[in-house]
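Protein chains in written order, with my numbering: chain B, 1 to 212; chain A, 1 to 212.
There are 2 protein chains.
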Amino acid sequence: MSPPPDAAPKTASAGTAAAPRPGLRERKKARTKAAIQREAVRLFRDRGYAATTVEQVAAAAEVAPSTVYRYFPTKEDLVISDDYDDAFFRAVNAQPAGLTPIQAQREAMRDLFAGLSDAELTQQRERWLLMLSEPELWGASLGNIKRTMRAMAGEVAGRAGRDPADPAVRASIGAVFGVVLTVAVDWAEQPDMDFPAAVDQALAYLEAGLPL
Amino acid sequence: MSPPPDAAPKTASAGTAAAPRPGLRERKKARTKAAIQREAVRLFRDRGYAATTVEQVAAAAEVAPSTVYRYFPTKEDLVISDDYDDAFFRAVNAQPAGLTPIQAQREAMRDLFAGLSDAELTQQRERWLLMLSEPELWGASLGNIKRTMRAMAGEVAGRAGRDPADPAVRASIGAVFGVVLTVAVDWAEQPDMDFPAAVDQALAYLEAGLPL
DNA sequence: GAGATTCTGAGAGTAGACTCTCAACAAAAA
DNA sequence: TTTTTGTTGAGAGTCTACTCTCAGAATCTC
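Structure, rendered in structure tokens:
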């Protein structure tokens, strides 16, 4: 989903690089892309993903079908395009040493949510809901999942002074992923739930060794 | 995949129910279905899932395309049809009281694997590999995942004297799922790995509170 | 065996995701 | 302004999962 691309600088520190200042063309493209995606998610939510054709999305966004495909190679991309995985990875990376991997991931989650507006959270919920109810979308996000897990394994391994292939490292990553997933599933079914708080609580349980 | 349906009695105890003894027709059907599925998995593995058409599967199994669809409503069903989820649930259910939920699930896994032949394990690996590499299949298995998790929540809740909606219960379920998933991912990439042992080890880590 | 039931093959047909091409137009560069 | 480059719309076309129908063949029942 990603916020309106007009708010360009994502990596807070502007730095030295050239900031070519987006021309009119660039801005128009960004606006078109955002509009297509917005209409797509709206239609998918209202009529169902499978029941909505790309043609209808194009019509709603007032562009030609070929234009839709120019921005989003596949129908799934209309939904799964997102950069929170990378953001999460960076957030973990930024945690102070000395934390256990699970603590670090928990803190990273807190930081991540702290930077999101309510509107963005709602957007995320829409996306999760779609991804968790439409098999096709859940499938399309497999790549993201695997990539994130691999990256996290490297990060956690470094943090704990272990090998990324260490079974204990893998287990740790998997546990966090699974825990967050279940909370997301619940969230999809209970709109009013406080997602950030629930994730934090669940990770706290995990941190405590899942007492039951 | 499920073992050749000829080996009918899955729940060891044959019990009282009528065993109508399969007629020739039944056996033929079962054989046809098994053959289609076997050829499908073979072709998918060799040529890739997307690159293999249902028509090719039909040709390889020496039946008409319409026959394939009679047995398997969708192309995905050629792979994801399986009853290990239920088996796992029953195995957990059969564990003695007094174990923690994670211990119970770990023991259930052991029991489950103990009942599988090497051939069946290999078959499972083929399926996991396909499901974890083909987004479409991973997506199609979402239903199974959610159903299993829901069922497990009920089971664990009863076992721990909690509510199925209790966050601690959900977290526990999710952690186990995630841990097993990561091991499966590794397994898909490392054919020679001892999957049952690795799962057991990973769950042992989880049981110990994921020390790192 | 004769008749009832079920399974299969053949093939035509639909839908919708995705591709490709080309001409018209808008914006940037000169 | 003129030229050059990049973006769009229109539309024809492909590919394949999936549906439906019907006739004939194989099994089961009596």
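The beta carbon of each residue, even a glycine, is placed where N, CA and C say it ideally should be.
Does the CB of residue i have a neighbour CB from chain B at under 8 Å?
{"i": "A/Met233", "result": "This structure gives no information on residue 233 of chain A, because the portion of chain A shown stretches from 1 to 212."}
{"i": "A/Val92", "result": "no"}
{"i": "A/Arg170", "result": "yes"}
{"i": "A/Gly158", "result": "no"}
{"i": "A/Trp138", "result": "yes"}
{"i": "A/Gly23", "result": "no"}
{"i": "A/Phe113", "result": "no"}
{"i": "A/Ala14", "result": "Summary for A/Ala14: the model assigns pLDDT 33, below 50, so the residue's position carries little reliability, and this model does not support an answer."}
Within 8 Å of any Cβ in chain A, is that where the Cβ of residue i sits?
{"i": "B/Phe177", "result": "yes"}
{"i": "B/Gly154", "result": "no"}
{"i": "B/Lys10", "result": "Model confidence at B/Lys10 stands at a pLDDT of 33, short of 50, so the residue's coordinates are unreliable; what they give is reported in the following sentence. Not one chain A Cβ lies under 8 Å of B/Lys10."}
{"i": "B/Val79", "result": "no"}
{"i": "B/Leu99", "result": "no"}
{"i": "B/Leu210", "result": "yes"}
{"i": "B/Ile28", "result": "According to the sequence shown, residue 28 of chain B is Lys rather than Ile. Answer no: the Cβ-Cβ gap between B/Lys28 and chain A never drops below 8 Å."}
What residues from chain B crowd round residue i, counting only those whose CB sits closer than 7 Å?
{"i": "A/Gln201", "result": "Pro167"}
{"i": "A/Gly174", "result": "Gly178, Val179, Leu181, Thr182"}
{"i": "A/Leu142", "result": "Pro135, Trp138"}
Using the beta-carbon of each residue, which ones in chain A are nearer than 7 Å to residue i?
{"i": "B/Asp186", "result": "Arg170"}
{"i": "B/Phe104", "result": "The question names Phe, but residue 104 of chain B is Ala in the sequence shown. Within chain A, no residue comes near B/Ala104; the closest Cβ sits about 10 Å away, beyond 7 Å."}
Along chain A, in chain order, which residues have C-beta atoms closer than 9 Å to that of residue i?
{"i": "B/Lys146", "result": "Leu132, Val185"}
For residue i, which residues in chain A fall below 8 Å Cβ to Cβ?
{"i": "B/Tyr205", "result": "Pro167, Ala168, Ala171, Ser172"}
{"i": "B/Ala198", "result": "Pro167"}
Query raised in the report: Quick one, which residues of the segment 30-58 of chain B are near chain A if we go by CB-CB under 7 Å, in chain order?
Result: none
**Report entry** Cβ pair count under 8 Å reaching 3, the segment 165-176 of chain B against the segment 55-67 of chain A
**Finding:** Segment contact: the segment 165-176 of chain B against the segment 55-67 of chain A, fewer than three CB-CB distances shorter than 8 Å; contact not assigned.
Requested in this report: Kindly confirm or deny that the segment 121-135 of chain A and the segment 186-197 of chain A touch, where touching means at least three C-beta pairs closer than 8 Å.
Outcome: yes
Report task. Evaluate contact between the segment 145-165 of chain B and the segment 146-164 of chain A, counting only Cβ atoms and requiring at least three cross-stretch pairs below 8 Å. Result -> Contact annotation: the segment 145-165 of chain B does not touch the segment 146-164 of chain A, with fewer than three C-beta pairs closer than 8 Å.
Query raised in the report: Do the segment 83-91 of chain B and the segment 141-155 of chain B touch if we need at least three Cβ pairs shorter than 8 Å?
Result: yes
Query raised in the report: Okay, do the segment 67-77 of chain B and the segment 90-105 of chain B touch, 3+ Cβ pairs below 8 Å being the bar?
Result: no
Query raised in the report: Between the segment 129-138 of chain A and the segment 133-147 of chain B, do three or more beta carbon pairs fall short of 8 Å?
Result: A contact exists between the segment 129-138 of chain A and the segment 133-147 of chain B.
Query - Sufficient close CB pairs (3 or more, under 8 Å) joining the segment 99-111 of chain A to the segment 102-109 of chain B - result: no
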